[in-house]
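Enquirer:
In this note's numbering, the protein residues as written are 6 to 188.
1) Can you give the Cα-Cα distance for residue 217 and residue 147, rounded to whole angstroms?
2) For residue 38 and residue 175, which I take to be in contact (beta-carbon distance under 8 Å), what is that distance rounded to the nearest angstrom?
3) Does the beta-carbon distance from residue 112 to residue 153 come in below 8 Å?
4) For residue 91 and residue 60, what's the separation of their Cα atoms in angstroms?
5) Taking 8 Å as the cut-off, does the region 73 to 80 touch the region 94 to 109 (at least 3 CB pairs, one atom from each stretch)?
6) Please tell me whether residue 85 and residue 117 are closer than 8 Å, where the distance is taken between their beta carbons.
7) Three-state secondary structure (DSSP) at residue 97?
8) When you compare only the Cα positions, how much space is there between residue 159 and residue 180?
9) Below 8 Å between beta carbons: does that hold for residue 45 and residue 81?
10) Should residue 94 go down as buried or exposed, given a rule of 16 or more other Cβ atoms within 10 Å for buried?
As structure tokens, this is what we get:
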């Protein structure tokens with residue numbers, strides 16, 4: 006995704022300079038895209054630790070990783086909202102559109118994460134009292150279960166890629182604006 010962005014016609018064209026100059030001079034801080042990138046990467050690492058937990062791994066350690074993974078997921082979702090708000094204020098659609106898409110991707114990711122948990126471990130204890138949980142029995146994986154788990158992993162990678170794209174585009178915008186001001 007990043008390679009497609011930096012090798013595209015628009016990246017090298019003067020239209021980037023004109024669109025950057027045509028928008029408001031407020032360029033968002035790089036803090037928000039960097040935060041998104043770091044949080045998304047942390048999520049991938051924690052998810053890999055959960056997915057590939059060794060048999061000797063302590064249940065307390067596993068529970069800690071799960072709680073951290075869930076907490077960071079909601080922090081990431083909140084951060085995407087703030088990043089979208091900041092990117093939208095600058096008026097550059099090449100920043101606000103990916104930031105807006107990230108909100109949707111993280112929301113989908115949270116839903117897929119919940120479904121992945123149910124597929125792998127059954128309903129959480131706090132939902133065991135629901136009538137739908139009584140009829141659920143953990144079976145061997147079928148195609149739908151594989152799609153859910155694979156979708157969760159793939160969406161996590163997509164979130165990391167779009168976060169990287171947002172950071173690269175923001176840094177490009179700042180560079181173009183700094184050259185147009187100094188020229």
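Backbone N, C-alpha and C fix where the C-beta goes; we use that ideal spot for every residue, glycine too. Owing to the predicted nature of the structure, the values given are computational and were not obtained by experimental measurement.
Expert: So, to answer that:
1) In the structure as shown, the chain starts at 6 and stops at 188, and residue 217 therefore has no counterpart that could be examined.
2) Indeed, because the Cβ distance is near 5 Å, the residues count as touching under 8 Å.
3) Contact: no.
4) About 44 Å.
5) With a cut-off of 8 Å, the region 73 to 80 and the region 94 to 109 do not count as touching, because too few Cβ pairs lie within range.
6) Not a contact, by the Cβ cut-off of 8 Å.
7) In the structure shown, residue 97 sits in coil (DSSP, three-state: anything other than H, G, I, E or B).
8) As the crow flies, the alpha-carbon of residue 159 is around 32 Å from that of residue 180.
9) Residue 45 is a Cβ neighbour of residue 81, given a cutoff of 8 Å.
10) A residue is called buried when at least 16 other Cβ atoms come within 10 angstroms of its Cβ; residue 94 does not meet this threshold and is exposed.
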